[in-house]
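Student:
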Amino acid sequence: MNVFKHLLSSQSARTRVCTSYRASFSFYHFSSDASIQVHSPEQEVVIALGSNVGDRLNNFNEALTQMKKSGIEITRHGCLYETEPAYVTDQPLFLNSAIRGVTKLGPHELLSTLKKIEKEMGRIKGIRYGPRPIDLDILFYGKYRINSEILTVPHERIFERPFVMAPLVDLLGSDIDDDTVLRWHSFSKNGLFESWEKLGGEALIGKDGLRRVLPVNNQLWDWSKRTYVMGILNLTPDSFSDGGKFDSVGSAISRVKTMISEGVDIIDLGAQSTRPMATKISVEEELDRLIPVLEKILELPEIEGKLLSIDTFYSEVALEAIKKGAHIINDVSGGTLDSDMFRVVANLSVPYIAMHMRGDPSTMQNSENLKYDDVCKEVADELYERVRTAELCGVPAWRMILDPGIGFSKKTKDNLDILMGLKRIRSEIGRKSLGVSRAPLLIGPSRKRFLGEICGRASAVERDPGTVAAVTCAVLGGANVVRVHNVGDNADAIKLCDAMLDR
Numbered sequence: 019m020n021v022f023k024h025l026l027s028s029q030s031a032r033t034r035v036c037t038s039y040r041a042s043f044s045f046y047h048f049s050s051d052a053s054i055q056v057h058s059p060e061q062e063v064v065i066a067l068g069s070n071v072g073d074r075l076n077n078f079n080e081a082l083t084q085m086k087k088s089g090i091e092i093t094r095h096g097c098l099y100e101t102e103p104a105y106v107t108d109q110p111l112f113l114n115s116a117i118r119g120v121t122k123l124g125p126h127e128l129l130s131t132l133k134k135i136e137k138e139m140g141r142i143k144g145i146r147y148g149p150r151p152i153d154l155d156i157l158f159y160g161k162y163r164i165n166s167e168i169l170t171v172p173h174e175r176i177f178e179r180p181f182v183m184a185p186l187v188d189l190l191g192s193d194i195d196d197d198t199v200l201r202w203h204s205f206s207k208n209g210l211f212e213s214w215e216k217l218g219g220e221a222l223i224g225k226d227g228l229r230r231v232l233p234v235n236n237q238l239w240d241w242s243k244r245t246y247v248m249g250i251l252n253l254t255p256d257s258f259s260d261g262g263k264f265d266s267v268g269s270a271i272s273r274v275k276t277m278i279s280e281g282v283d284i285i286d287l288g289a290q291s292t293r294p295m296a297t298k299i300s301v302e303e304e305l306d307r308l309i310p311v312l313e314k315i316l317e318l319p320e321i322e323g324k325l326l327s328i329d330t331f332y333s334e335v336a337l338e339a340i341k342k343g344a345h346i347i348n349d350v351s352g353g354t355l356d357s358d359m360f361r362v363v364a365n366l367s368v369p370y371i372a373m374h375m376r377g378d379p380s381t382m383q384n385s386e387n388l389k390y391d392d393v394c395k396e397v398a399d400e401l402y403e404r405v406r407t408a409e410l411c412g413v414p415a416w417r418m419i420l421d422p423g424i425g426f427s428k429k430t431k432d433n434l435d436i437l438m439g440l441k442r443i444r445s446e447i448g449r450k451s452l453g454v455s456r457a458p459l460l461i462g463p464s465r466k467r468f469l470g471e472i473c474g475r476a477s478a479v480e481r482d483p484g485t486v487a488a489v490t491c492a493v494l495g496g497a498n499v500v501r502v503h504n505v506g507d508n509a510d511a512i513k514l515c516d517a518m519l520d521r
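Mapped onto the working numbering, the consecutive letters of the sequence shown carry residue numbers 19 to 521.
1. Could you round the C-beta distance between Glu91 and Val120 to whole angstroms and report it? I think they count as a contact, below 8 angstroms.
2. Buried or exposed: which applies to Gln84, given that a residue is buried once 16 or more other Cβ atoms fall within 10 Å of its Cβ?
3. Helix, strand or coil: which one does DSSP assign to Trp416?
4. Pick out whichever of Val187, Gly425, Lys428, Gln61 has its Cα sitting closest to the Cα of Asp197.
5. For a quick check, are the C-beta atoms of His374 and Ser333 less than 9 angstroms apart?
6. Following the continuous beta strand (DSSP E) through Gly96, name the residue where it begins and the one where it ends.
7. By the three-class DSSP mapping on this structure, what secondary structure does Arg201 have?
8. Have a look at Glu303, Val350, Met295 and flag the residue whose alpha-carbon is nearest the alpha-carbon of Ala289.
9. Taking Arg74 as the reference, which of Ser115, Asp108, Phe158 has the closest Cα?
10. Mind pulling the beta strand (DSSP E) runs of 3 or more residues that sit fully within the segment 126–203?
11. For Gly425 and Phe468, which I take to be in contact (beta-carbon distance under 8 angstroms), what is that distance rounded to the nearest angstrom?
12. In chain order, which continuous runs of the alpha helix (DSSP H) of length 4 or greater are located wholly inside the segment 322–378?
13. Based on Cα-Cα distance, which residue from Ile315, Leu494, Asp306, Ala372 lies nearest to Val335?
14. Is the segment 176–186 touching the segment 432–449 in the sense that three or more CB pairs, one from each, lie closer than 8 angstroms?
15. In whole angstroms, give me the CA-to-CA distance for Asp188 and Trp214.
16. Can you name, in chain order, every residue of its own chain whose Cβ lies under 6 angstroms from the Cβ of Arg229, other than the five neighbours on each side?
17. Taking just the CA atoms, how far does Ser464 sit from Ile346?
18. Measuring only the C-alpha atoms, how far is Thr107 from Gly227?
19. Report the partner residues of Lys225 according to the DSSP bridge assignment.
20. Using only the heavy atoms of the ligand SAM, determine whether one of them is closer than 8 angstroms to the beta carbon of Ala339.
21. Would you kindly work out how many angstroms separate the C-alpha atoms of Gln237 and Asn165, rounded to a whole number?
22. Does the contact criterion of 3 or more C-beta pairs under 8 angstroms hold for the segment 304–324 versus the segment 361–380?
23. Which word fits Pro151, buried or exposed, when buried means at least 16 other C-beta atoms lie within 10 angstroms of its C-beta?
24. Could you spell out the range, first to last residue, of the beta strand (DSSP E) harbouring Gly496?
25. Put Phe112 into one of helix, strand or coil per three-state DSSP.
26. Would Leu437 and Gly495 qualify as a contact pair, given that the criterion is a beta-carbon distance under 9 angstroms?
27. Distance check for Ile168 and Ile371, CA to CA, integer angstroms please.
28. Determine contact between the segment 65–80 and the segment 381–398, defined as no fewer than three beta-carbon pairs at a distance below 8 angstroms.
29. Taking Asn504 and Pro458 to be in contact with their CB atoms under 8 angstroms, please state how far apart those CB atoms are, rounded to whole angstroms.
30. Which same chain residues, not among the five before or five after Ala476, have their C-beta less than 7 angstroms away from its C-beta?
31. Does the beta-carbon of Asp510 have 16 or more other beta-carbons within 10 angstroms, so that it is buried, or is it exposed?
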């Protein structure tokens, strides 16, 4: 949609806005030593990142660290893309992304800073568009158009490059943030969204050498290919479904082997119950339950190719588990129950599952936490705020997985609305951040109370048929990962759903 049509109700209003922008901002033409008269102490900038030499992801992490140290405060991250090289095609695949940030550096100071980072990271002069450990380009600088001997903003080839436009659009919301973002849209004839659509838009993703990926366990995970099964392993005596069944190392290992044989992709280990009214245990007790089982699982030959996630809201547990060899942190609190969680996850550079919950397990089902006027919108807004905070703490959007929290501070009606409204939740998040709205979506309805209420099944273990129905609804509605107790039955249901979606 033309962005100005999206914003303004009439042609005359569009004309007034565009005329106002032309009158308010000069089009600068500088020599290399010229400077802009910047009236704001800070300018919002967009910087593109690319790498295809060495450890590409580590190059990104190092570049982000150096940018922060150099006076660039990073506020948003695009998704991560693996792309085929352009122009010079006989070279390795690239990783590409982009960030939004604010800086007090002038445009040429910023350019000099980025060139210095590139040089320190090993970039040398070579073939134009050739291999490089890191490439940092200024796409936008404030509301300014710049054309000097050494700097052109917007970047001169921005609108012809899908590998630039994809992460750039991720940094925007479908609603316009402010005048600066509106100005960025005005640099393209019909706005950035229409420019992206003219290149092919979302239809390009997964095709023509442009894959949206999430880094995990030294791999790049393209979650668009099929739906993934996360199997639940409760190491607790008091979980609502299978408490006490797998609290010995031997029984836990046996369960893991069964899940692997049934087709599990991710095994989620939880050593603290988060059922309603559960009593919180200490970090030490949680680790005592978790670590011996985790160590034995990692010794299994058949665990090769599987991912291990840790269901915890304690940052200390997350840290120790990742050090031992786990791959993902699954936090039911979205960082609300441990103020160090986001910092720890940022330093660990692992995927982070942020779940929506109000309160904690002992309070999440009280009357205040169950009040919603529009559950899909409110869950989306509240979940986005947690992700936003994580981003500002250094957890890139390209490491995020979202979970709307079925059964956590939700009534039966709310759970049904969420299952039927996954596209709506993505859309509401996308109003603020298209990149975050495109993160993998995890749904966990397995054996939960609302299924028992609807199906008349008081015992949790009798709710597997209802779980299969809920999982089917979720997958057809856009879920990328489903978290279940019964791996075998749900894996079959997922295969059928994926086959229908692929038709």
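Glycine is no exception: its CB is placed at the ideal position from the N, C-alpha and C atoms.
Bear in mind the structure is a predicted one, so any value in this text is a computation, not a measurement.
Tutor: With the given structure in hand:
1. 5 angstroms
2. buried
3. helix
4. Gln61
5. no
6. It is not in any beta strand (DSSP E) - Gly96 carries neither H nor E in the DSSP assignment.
7. helix
8. Glu303
9. Ser115
10. 153–159, 163–166
11. 7 angstroms
12. 333–342, 359–366
13. Asp306
14. no
15. 11 angstroms
16. Glu100, Asp240
17. 20 angstroms
18. 11 angstroms
19. Leu228
20. Inclusion of the ligand SAM in the displayed structure is not the case, the ligand content being empty and no account of it being possible.
21. 40 angstroms
22. no
23. buried
24. No beta strand (DSSP E) holds Gly496; DSSP gives it neither H nor E.
25. strand
26. yes
27. 42 angstroms
28. no
29. The pair is not a contact, with the Cβ atoms about 22 angstroms apart (cut-off 8 angstroms).
30. Gly470
31. exposed
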